[in-house]
Amino acid sequence: MAVRLAPEVPLLHLDAAQFECVLVNLLENAVKYTPAATPLQIAAELQGEAVRITVDDEGPGLPPGREEAVFEKFERGSKEAAAPGVGLAICRAIVQAHGGRMHGENRIVDGRVAGARFVITLPRGEPPQDDGSQAAVLPDNAMP
1 MAVRLAPEVP LLHLDAAQFE CVLVNLLENA VKYTPAATPL QIAAELQGEA
51 VRITVDDEGP GLPPGREEAV FEKFERGSKE AAAPGVGLAI CRAIVQAHGG
101 RMHGENRIVD GRVAGARFVI TLPRGEPPQD DGSQAAVLPD NAMP
(Lines of atoms letter the chains of each structure in order from A and count residues from 1; the text may use other names and numbers.)
(Lines give C-alpha, C1' and ligand atoms only; values in the text may rest on other atoms or scores of the structure.)
Protein backbone atom coordinates (compact mmCIF):
# COMPACT_ATOMS: atom_id res chain seq x y z
CA MET A 1 0.00 0.00 0.00
CA ALA A 2 1.24 3.46 -0.88
CA VAL A 3 0.50 6.61 1.08
CA ARG A 4 0.92 10.01 -0.58
CA LEU A 5 0.52 12.96 1.77
CA ALA A 6 1.18 16.36 0.26
CA PRO A 7 3.43 18.44 2.55
CA GLU A 8 0.97 21.33 2.74
CA VAL A 9 -1.93 19.20 4.09
CA PRO A 10 -2.90 20.67 7.49
CA LEU A 11 -4.13 18.89 10.57
CA LEU A 12 -7.89 18.54 10.54
CA HIS A 13 -10.32 18.94 13.39
CA LEU A 14 -12.23 15.64 13.36
CA ASP A 15 -13.15 12.65 15.45
CA ALA A 16 -10.15 10.37 14.98
CA ALA A 17 -11.97 7.17 16.00
CA GLN A 18 -14.78 7.79 13.53
CA PHE A 19 -12.37 8.59 10.71
CA GLU A 20 -10.34 5.51 11.50
CA CYS A 21 -13.55 3.52 10.92
CA VAL A 22 -14.09 5.28 7.57
CA LEU A 23 -10.55 4.52 6.35
CA VAL A 24 -10.57 0.95 7.66
CA ASN A 25 -13.89 0.29 5.91
CA LEU A 26 -12.60 1.69 2.61
CA LEU A 27 -9.40 -0.35 2.83
CA GLU A 28 -11.25 -3.54 3.80
CA ASN A 29 -13.59 -3.07 0.84
CA ALA A 30 -10.64 -2.52 -1.49
CA VAL A 31 -9.00 -5.73 -0.27
CA LYS A 32 -12.29 -7.65 -0.52
CA TYR A 33 -13.16 -6.56 -4.06
CA THR A 34 -9.72 -6.57 -5.72
CA PRO A 35 -7.38 -9.41 -6.64
CA ALA A 36 -4.76 -10.46 -4.07
CA ALA A 37 -1.51 -8.45 -4.06
CA THR A 38 -3.17 -5.59 -5.93
CA PRO A 39 -1.71 -2.20 -4.92
CA LEU A 40 -3.81 0.24 -2.89
CA GLN A 41 -3.12 3.93 -2.48
CA ILE A 42 -4.26 6.55 0.01
CA ALA A 43 -3.54 10.17 -0.84
CA ALA A 44 -4.33 13.56 0.68
CA GLU A 45 -3.89 16.98 -0.84
CA LEU A 46 -4.96 20.54 -0.13
CA GLN A 47 -7.50 21.97 -2.57
CA GLY A 48 -8.26 25.56 -1.65
CA GLU A 49 -10.14 25.55 1.64
CA ALA A 50 -10.64 21.78 1.58
CA VAL A 51 -8.56 18.64 2.00
CA ARG A 52 -9.17 15.90 -0.55
CA ILE A 53 -8.49 12.31 0.54
CA THR A 54 -8.59 9.49 -2.00
CA VAL A 55 -8.47 5.72 -1.62
CA ASP A 56 -7.63 3.99 -4.92
CA ASP A 57 -7.56 0.35 -5.88
CA GLU A 58 -6.83 -1.54 -9.09
CA GLY A 59 -9.82 -3.86 -9.00
CA PRO A 60 -12.87 -4.13 -11.27
CA GLY A 61 -14.21 -0.72 -10.28
CA LEU A 62 -17.76 0.24 -9.35
CA PRO A 63 -20.74 -1.07 -11.30
CA PRO A 64 -21.39 1.41 -14.14
CA GLY A 65 -24.32 3.67 -13.29
CA ARG A 66 -24.39 2.43 -9.67
CA GLU A 67 -21.65 4.66 -8.24
CA GLU A 68 -24.18 6.32 -5.89
CA ALA A 69 -26.09 3.13 -5.09
CA VAL A 70 -23.10 1.62 -3.26
CA PHE A 71 -23.70 4.25 -0.55
CA GLU A 72 -27.25 3.06 0.12
CA LYS A 73 -27.92 0.91 3.19
CA PHE A 74 -27.87 -2.84 2.52
CA GLU A 75 -26.28 -2.39 -0.91
CA ARG A 76 -23.14 -4.18 -2.11
CA GLY A 77 -20.92 -3.27 -5.00
CA SER A 78 -21.07 -6.68 -6.64
CA LYS A 79 -23.55 -9.53 -6.90
CA GLU A 80 -21.12 -12.08 -5.47
CA ALA A 81 -21.05 -10.40 -2.05
CA ALA A 82 -22.54 -12.78 0.50
CA ALA A 83 -24.48 -10.40 2.75
CA PRO A 84 -25.80 -6.86 2.49
CA GLY A 85 -24.06 -4.17 4.52
CA VAL A 86 -24.20 -0.60 5.71
CA GLY A 87 -20.48 0.22 5.66
CA LEU A 88 -20.35 2.86 2.93
CA ALA A 89 -23.64 4.44 4.09
CA ILE A 90 -22.16 4.86 7.56
CA CYS A 91 -18.87 6.14 6.14
CA ARG A 92 -20.68 8.81 4.15
CA ALA A 93 -22.75 9.81 7.19
CA ILE A 94 -19.57 10.23 9.28
CA VAL A 95 -17.96 12.36 6.56
CA GLN A 96 -21.11 14.50 6.24
CA ALA A 97 -21.28 14.94 10.03
CA HIS A 98 -17.84 16.55 9.74
CA GLY A 99 -19.05 18.97 7.05
CA GLY A 100 -17.56 16.93 4.22
CA ARG A 101 -18.61 15.05 1.12
CA MET A 102 -17.86 11.52 -0.08
CA HIS A 103 -18.36 9.85 -3.43
CA GLY A 104 -17.09 6.91 -5.44
CA GLU A 105 -15.97 6.85 -9.04
CA ASN A 106 -14.17 4.61 -11.47
CA ARG A 107 -10.57 5.41 -12.31
CA ILE A 108 -10.23 5.47 -16.09
CA VAL A 109 -6.80 4.83 -17.64
CA ASP A 110 -6.34 4.52 -21.42
CA GLY A 111 -10.11 4.40 -21.89
CA ARG A 112 -10.74 1.48 -19.55
CA VAL A 113 -11.72 1.07 -15.91
CA ALA A 114 -8.52 0.73 -13.88
CA GLY A 115 -10.13 0.41 -10.44
CA ALA A 116 -12.29 2.28 -7.98
CA ARG A 117 -11.58 5.57 -6.26
CA PHE A 118 -13.35 6.82 -3.16
CA VAL A 119 -13.04 10.55 -2.58
CA ILE A 120 -13.52 12.35 0.74
CA THR A 121 -13.51 16.14 0.76
CA LEU A 122 -13.32 17.84 4.16
CA PRO A 123 -13.34 21.52 5.03
CA ARG A 124 -9.93 22.77 6.07
CA GLY A 125 -11.21 24.75 9.05
CA GLU A 126 -8.98 25.53 12.00
CA PRO A 127 -6.70 22.68 13.08
CA PRO A 128 -6.33 21.78 16.74
CA GLN A 129 -3.85 24.04 18.53
CA ASP A 130 -2.52 21.51 21.06
CA ASP A 131 1.24 21.42 20.60
CA GLY A 132 1.68 18.91 23.42
CA SER A 133 3.24 21.40 25.82
CA GLN A 134 0.32 21.33 28.25
CA ALA A 135 0.31 18.15 30.31
CA ALA A 136 -3.13 16.78 31.11
CA VAL A 137 -4.09 17.27 34.76
CA LEU A 138 -5.89 14.27 36.20
CA PRO A 139 -7.83 14.32 39.48
CA ASP A 140 -6.11 12.53 42.38
CA ASN A 141 -8.50 9.59 42.18
CA ALA A 142 -8.10 9.09 38.41
CA MET A 143 -6.04 6.23 37.10
CA PRO A 144 -3.60 7.04 34.27
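No gaps in the numbering here: position 44 of the sequence shown is 44 in full-length UniProt numbering, and each next residue is one more.
Built from N, CA and C at the ideal position, the CB exists for glycine as well.
This one's a predicted model, so the numbers in the text were calculated from it and none came from an experiment.
Residue i classed as buried or exposed, judged by whether at least 16 other C-beta atoms fall within 10 angstroms
i, result
"Met1", "exposed"
"Val55", "buried"
"Gly65", "exposed"
"Ala6", "exposed"
"Arg117", "buried"
"Val70", "buried"
"Val3", "exposed"
"Gly48", "exposed"
"Arg112", "exposed"
"Val51", "buried"
"Val24", "exposed"
Segment limits, alpha helix (DSSP H) that includes residue i
i, result
"Phe19", "16-33"
"Ala43", "Premise fails: Ala43 lies in the beta strand (DSSP E), 41-47, not in any alpha helix (DSSP H)."
"Val95", "87-97"
Boundaries of the beta strand (DSSP E) in which residue i is found, first to last residue
i, result
"Arg101", "101-109"
"Leu122", "112-123"
"Asp56", "50-56"
"Ala6", "Unbroken run through Ala6: none, as it is neither H nor E."
Residue i at chain B interface by Cβ criterion, 8 Å
i, result
"Ala36", "The question asks about chain B, but that chain is absent: this structure has only one protein chain."
Presumed contact (8 Å Cβ cut-off) between residue i and residue j, rounded CB distance
i, j, result
"Glu67", "Gly104", "5 Å"
"Gly115", "Gly61", "6 Å"
"Val22", "Cys91", "5 Å"
"Lys73", "Ala97", "Not quite, the Cβ-Cβ distance comes to about 16 Å (not below 8 Å), so this is no contact."
Can at least three beta-carbon pairs, one atom from the segment 4-14 and one from the segment 23-30, be found at a separation below 8 Å? Segments in contact, no.
Three CB pairs or more closer than 8 Å across the segment 35-47 and the segment 106-114: Taking a cut-off of 8 Å for Cβ pairs, the segment 35-47 and the segment 106-114 do not touch, as fewer than three such pairs fall below it.
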